[in-house]
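Heads up: the sequence shown begins at 3 in my numbering, then just goes up one per residue.
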Amino acid sequence: MRKFLTILILGAAVIATPAIAGERDTPEVKLQKLLDGRVAGKPVDCISLSSVSNSQIIEGKAIVYRAGGRLYVNEPRSGADQLDDDVILVTRTSGSQLCSIDTVHLIDSASRFPRGFVQLGKFVPYTKPKPAN
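Right under this line is the structure:
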């Protein structure tokens, strides 16, 4: 009886998985929600690392850097498909800026082994518009 219940529970989980997976947001939707109410500015080649307080991965799509009230979205030129929540971003720069010519190495957060890298693209700034008087 116990074996039957285990199989029944596992079967129910497998059947429910597509419904749950269908409710997850796509990378495009996640990025749109993050940028909601913000306006894109002119893309820039570099951002100051000292102003960056954190970064967020949009799985398979982009890296978002927060600098004060501004968000910089970087859609890598290559390697974006390797971006997910299970990687650690390791950036090596030669100066105080992160630029579109830099690469970001990806380290598996569980094993601590290298998983590849992404080649950054331009940084698109997004800011909240100032309220009209």
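For every residue, glycine included, the Cβ atom is placed at its ideal position computed from N, Cα and C.
Everything numeric in this text was worked out from a predicted model, so none of it was measured.
Cβ of residue i within 8 Å of any chain B Cβ
i	result
ASN76	Looking for chain B here will not work: only one protein chain is present.
First through last residue of the alpha helix (DSSP H) which encompasses residue i
i	result
VAL31	29-37
Proximity winner among the options, relative to residue i (alpha-carbon distances)
i	options	result
ASP83	VAL92, ILE59, GLN99	ILE59
ASN56	ILE103, LYS63, GLY43, GLY70	GLY70
GLY62	VAL89, ARG72, THR105	VAL89
TYR128	ASN135, ASP104, ILE49	ILE49
SER102	LEU36, ILE65, PRO29	ILE65
ASP110	LEU85, ARG72, ARG26, PRO29	LEU85
Sequence-distant residues of the same chain with beta carbon closer than 7 Å to residue i, five excluded per side
i	result
PRO45	LYS124, PHE125, VAL126
ALA42	VAL126, TYR128
6 Å CB neighbourhood of residue i in its chain, flanking five on each side removed
i	result
HIS107	VAL92, PHE119
LEU122	ASN76, PRO78, SER102, ASP104
Per-residue DSSP class, three states only, for residue i
i	result
LEU108	strand
Run of the beta strand (DSSP E) containing residue i, from where it starts to where it stops
i	result
ASN135	Run containing ASN135: none; DSSP gives neither H nor E here.
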